[in-house]
Amino acid sequence: MENTAIGFPPTTIAVFVALAVIALAIDLFTHKSDKPVTLTNAAVWSVFWVLISLAFAGYLYYAHGPSVASLFVTGYALEKVLSVDNLFVFMAIFAWFKVPDALRHRVLYWGIIGAIVFRLIFVAIGTGLLAFGPWVEVLFAVVVAWTAIMMLRSKEEDEEEDYSKHMAYRFAQKLFPVWPKLHGHNFFVSRKELEKEITKPQNKGMSLAAKGTLFATPLFLCVVVVEVSDILFAFDSVPAVIAVSREPLIVYSAMMFAILGLRTMYFVLEALKRYLVHLEKSVIALLFFIAGKLALNATDHLFGHGYEIDPNTSLIVVLVVLAIGVVASIMFPGKEEPSDVKNDTNA
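Counting from 24, one number per residue, gives the positions in the sequence shown under my numbering.
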């Protein structure tokens, strides 16, 4: 059988692409309305993505034998474990931007589409592109820790009305035109529309940048930060999966199916947080842990001090801390049920 340049016949590539594209299209169509993702919905979609991954593993077993299928499943499981930290960072990012629940699926969907593209670049180039990772990870560790502190201080998660003082807005406006308010679920809004917006009483005193026909919204800035966070976590996961197999299609497909399922796992955690009143405290604790792990692992790469937290230890810490949050919520439930839980149940 003749192989392509990347080592697999065209049929295998076609099956991989077809499974991914069809599943993504179904996901996007099902969640096209801006509604919060319920616990039941998130759980069903988490199972859906696992089944899609297993279907591709089954095809590899049939077409190329058990060893190839085993490499894919190993890479997939490793990427899942290494991507657990992303779940809590996503939660921190949404808290930082105060993104409404109804818009979070849209942000993660397009953020992870971008991650798929960047992972392809990483796999194509190899680990050479990841050489700058440690320095960036140190900075990102500081950002994660700072966000955890903000979540610890803040008790309110109401929607942000004006982002003009937000750090991301102040930085982004120096690079391109940005509108300091959410505009529906849009990532961009035209100057023509905004010229009408600034005439409204609630926007009194606002002005538009002198140049630019298209303005980014805070929702787009949130997508960018989600994208950056995923790329930073790729500094650890990409080399680890490449170590399992040098075959690009196995590496890329394992990572892609893992991160696609990661999005629905986030919504399971987010929905559980509404029911389990002390789970958010566990999330905040884990953000501090993730920040420490990033800093420790990055400085080990830079200075070789010999101290780092391996993936197995990290997973154990995550599971234990989450379990403590769940048990605490059962033993010491809140006095009142949050209103969004009722809405979630009736959804």
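Even for Gly, the Cβ is constructed at its ideal location relative to N, Cα and C.
Computed from a predicted model, the values in this text were never measured in an experiment.
Whole angstroms are fine: how far does the CA of residue j sit from the CA of residue i?
i	j	result
residue 310	residue 86	42 Å
residue 125	residue 62	13 Å
residue 189	residue 200	15 Å
residue 33	residue 196	45 Å
residue 147	residue 232	39 Å
residue 115	residue 325	27 Å
residue 59	residue 127	8 Å
residue 110	residue 220	35 Å
residue 176	residue 256	26 Å
residue 268	residue 343	31 Å
residue 132	residue 234	30 Å
residue 150	residue 226	Caution applies to residue 150, whose pLDDT of 48 falls short of 50 and renders its modelled position unreliable; the value that the coordinates give is listed next. C-alpha separation (whole angstroms): 48 Å.
residue 330	residue 107	21 Å
residue 292	residue 319	26 Å
residue 191	residue 53	31 Å
residue 272	residue 36	8 Å
residue 354	residue 302	12 Å
residue 312	residue 348	15 Å
residue 345	residue 305	6 Å
residue 204	residue 217	11 Å
residue 332	residue 316	6 Å
residue 337	residue 352	23 Å
residue 230	residue 186	14 Å
residue 82	residue 141	26 Å
residue 91	residue 335	24 Å
residue 222	residue 173	34 Å
residue 300	residue 228	40 Å
residue 50	residue 298	25 Å
residue 274	residue 143	10 Å
residue 350	residue 145	40 Å
residue 236	residue 117	28 Å
residue 327	residue 139	31 Å
Is it true that the CB of residue j sits closer than 8 Å to the CB of residue i?
i	j	result
residue 253	residue 98	no
residue 240	residue 210	yes
residue 281	residue 102	yes
residue 314	residue 164	yes
residue 161	residue 322	yes
residue 68	residue 287	yes
residue 79	residue 42	yes
residue 238	residue 214	yes
residue 171	residue 307	yes
residue 250	residue 137	yes
residue 284	residue 93	no
residue 112	residue 167	yes
residue 290	residue 48	no
residue 208	residue 57	yes
residue 71	residue 276	no
residue 260	residue 279	no
residue 245	residue 130	yes
Could you have a look at residue i and say whether DSSP puts it in helix, strand or coil?
i	result
residue 306	helix
residue 141	helix
residue 56	coil
residue 213	strand
residue 34	helix
residue 201	strand
residue 128	helix
residue 13	This structure leaves residue 13 out entirely; the chain is present only between 24 and 370.
residue 324	helix
residue 223	coil
residue 332	coil
residue 192	helix
residue 355	coil
residue 207	coil
residue 299	coil
residue 187	coil
residue 42	helix
Let's see if you can read the secondary structure: which residues bound the alpha helix (DSSP H) around residue i?
i	result
residue 120	107-120
residue 71	62-87
Alpha helix (DSSP H) runs contained entirely in the region 229-274, provided each spans 4 or more residues
For the region 229-274, whole alpha helix (DSSP H) runs of length 4 or above, ordered along the chain, are 241-267.
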